[in-house]
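There are 2 protein chains.
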Amino acid sequence: MFDDSAPGTDRPLAGRATFLLSQLGFHVAQTFAARLAPLGIAPNHFGLLMHLERSEGNTQQQLADALGIHRKVMVGLLDELEQRELVERRRHPSDRRAHAIHLTEAARHLLPRARQVADQHEDEILTPLDAGERAELVAVLQRLAEHTGNAAGVHPGLHQPATRSRQPAD
Amino acid sequence: MFDDSAPGTDRPLAGRATFLLSQLGFHVAQTFAARLAPLGIAPNHFGLLMHLERSEGNTQQQLADALGIHRKVMVGLLDELEQRELVERRRHPSDRRAHAIHLTEAARHLLPRARQVADQHEDEILTPLDAGERAELVAVLQRLAEHTGNAAGVHPGLHQPATRSRQPAD
DNA sequence: CTGTTATTGTCCGGTACGGTGACAGTTACT
DNA sequence: AGTAACTGTCACCGTACCGGACAATAACAG
Chain A
3 MFDDSAPGTD
13 RPLAGRATFL
23 LSQLGFHVAQ
33 TFAARLAPLG
43 IAPNHFGLLM
53 HLERSEGNTQ
63 QQLADALGIH
73 RKVMVGLLDE
83 LEQRELVERR
93 RHPSDRRAHA
103 IHLTEAARHL
113 LPRARQVADQ
123 HEDEILTPLD
133 AGERAELVAV
143 LQRLAEHTGN
153 AAGVHPGLHQ
163 PATRSRQPAD
Chain B
3 MFDDSAPGTD
13 RPLAGRATFL
23 LSQLGFHVAQ
33 TFAARLAPLG
43 IAPNHFGLLM
53 HLERSEGNTQ
63 QQLADALGIH
73 RKVMVGLLDE
83 LEQRELVERR
93 RHPSDRRAHA
103 IHLTEAARHL
113 LPRARQVADQ
123 HEDEILTPLD
133 AGERAELVAV
143 LQRLAEHTGN
153 AAGVHPGLHQ
163 PATRSRQPAD
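Quick look at the structure:
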């Protein structure tokens, strides 16, 4: 595994923070998707549901803006969530061309479980670190994330297929 | 039943290390691909070229094993690199059915530039951190990466697009 | 009030990519 | 020799992304 540990000449990939971030980020996304799969949702669904919790009745356009994605992607996302009966497209009270998106009761039951999954996942990923190190890591990552210019809580890869159908076979 | 979820005040996504890792990892991959694009190669090409530097004359199968990908992916990767005249498929001295992969002179000229791009990229990403914090971050990330079980230096998303030149316009 | 323009949400088609199965050439084993 | 195993390649297929176009509705000018 640690074959290419050539010290000296050029820094190996595993010594670059950028590579580690990309590698870990990918792994985290993969495993989180696998953990979430039994609940019938993908990570992007989870993010959307969490956002919906605080923005009941918003239009699809508002949601798309908030998550930094295109309206078309929101259509697909909501289609999937609606099919799982986690959201409802109701009539918007003041704008009849828009939909007011609401969480269903099922979603309110699902969300705590999903959050628990996320907590377990986080705990597993951070196993090697103690509490202090975890807090410090989060603080550092937040500083880095802030510097990137990405809005807080907005995942730039939300348009991606969200790593679906990757059964926890590995 | 268990109303343990305080509505609206749960830990936001931006407070989870897993989300930050995924978000940052994606952003890093994106921007690195953009930075590497002018050189005519993608991040996975870069990783392969770096590996080839130390394993001249290996077969495609050996390379695929080392990078943790399938032989078929290696075919495509080498096709692209060969088209850019960065690698050569020579006759394997002892096994006539296999190819011996070698870097070209152009690749030896390109690699230092690519490494420089990677250094600049790393420096930009880590701008908010001082030298001590950077070293500590790398150390922590290495511990986490080791715990995931992924081989060091092997990017689990090597099969993914990761290659597309996403304009940093957004 | 009427007509024009902008917005919302949806659908459709082209395009590219990842993943799978089969295939020729070569080697290794009996 | 003859057969099994391996390497590298190709062709196929299902799927996801991206663009434009569209109906319905709203907002606004005159």
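Protein sequences, first through last, are from chains A and B. Count along the first sequence from 1, then add 2; that gives the number in the numbering used here. Count along the second sequence from 1, then add 2; that gives the number in the numbering used here. Glycine included, each C-beta is placed from N, C-alpha and C at the ideal position. Bear in mind that the values here come from a model prediction, so they are computed numbers and not experimental data.
- DSSP, reduced to helix, strand and coil, places arginine 93/B within a strand of the structure shown.
- Of all residues in the region 18 to 36 of chain B, only Arg18, Ala19, Thr20, Phe21, Leu22, Leu23, Ser24, Gln25, Leu26, Gly27, Phe28, His29, Val30, Ala31, Gln32, Thr33, Phe34 come within less than 9 Å of chain A when Cβ atoms are compared, listed by chain position.
- As a beta-bridge residue in DSSP terms, alanine 102/B pairs with Arg92/B.
- Below the 7 Å Cβ cutoff, chain B contributes Gln25, His29 as neighbours of asparagine 152/A, in chain order.
- DSSP places valine 119/A in the uninterrupted alpha helix (DSSP H) bounded by 107 to 127.
- Residue ranges of uninterrupted alpha helix (DSSP H) with 4 or more members, entirely inside the region 33 to 94 of chain B and ordered along the chain, are 45 to 56, 62 to 69, 73 to 85.
- Near chain B, meaning a CB-to-CB distance below 9 Å, the residues of the region 50 to 66 of chain A are Met52, His53, Glu55, Arg56.
- Under the DSSP assignment, glycine 134/B falls in the alpha helix (DSSP H) whose first and last residues are 133 to 150.
- The CB of threonine 129/B comes closer than 9 Å to the CB of Leu146, His149 in chain A, given here in chain order.
- With contacts defined as CB atoms closer than 7 Å, valine 140/B and leucine 139/A fail to qualify as a contacting pair.
- Of all residues in the region 98 to 127 of chain B, the ones placed with a Cβ closer than 7 Å to any Cβ belonging to chain A are Arg117, Ala120, His123, Glu124, Ile127, in chain order.
- A distance below 7 Å between beta-carbons, with the five flanking residues on each side excluded, links glutamate 55/B to the following residues of its chain, in chain order: Leu105, Leu113.
- At least one beta carbon of chain A lies nearer than 7 Å to the beta carbon of histidine 157/B.
- Rounded to the nearest angstrom, the gap between the Cα atoms of leucine 128/A and alanine 35/A is 17 Å.
- Taking C-beta atoms as the reference points, histidine 47/B and leucine 83/B count as a pair closer than 7 Å.
- When DSSP states are grouped into helix, strand and coil, alanine 154/A belongs to the coil group.
- Look at the beta carbons and you see the region 14 to 34 of chain B touching the region 18 to 32 of chain A: at least three pairs across the two are nearer than 8 Å.
- Taking C-alpha positions only, leucine 50/B is separated from leucine 69/B by approximately 8 Å.
- Look at valine 75/B: its C-beta is not under 7 Å from any C-beta on chain A.
- Excluding sequence positions up to five before and after leucine 38/B, its CB lies within less than 7 Å of the CB of Ala44, Pro45, Phe48, Ala116, Val119, all in the same chain and listed in chain order.
- Listed by position along chain A, the residues whose Cβ is nearer than 9 Å to that of glutamate 82/B form an empty set, because the closest Cβ is around 19 Å away.
- Counting the other Cβ atoms within 10 Å of the Cβ of glutamine 62/A gives 16 or more, which makes it buried.
- In this structure, glycine 59/A places its C-beta atom within 7 Å of the C-beta atom of alanine 102/A.
- Sequence-distant partners of leucine 41/B (beyond 5 residues in either direction) whose C-beta falls short of 8 Å from its own C-beta, in its chain, are Leu112, Arg115, Ala116, Val119.
- The C-beta separation of glutamine 144/B from leucine 22/A comes to about 6 Å, placing the pair in contact by the 8 Å criterion.
- Listed by position along chain B, the residues whose Cβ is nearer than 7 Å to that of leucine 139/A are Ala19, Val142.
- The CB of glutamate 90/B never comes closer than 8 Å to any CB in chain A; the least such distance is about 22 Å.
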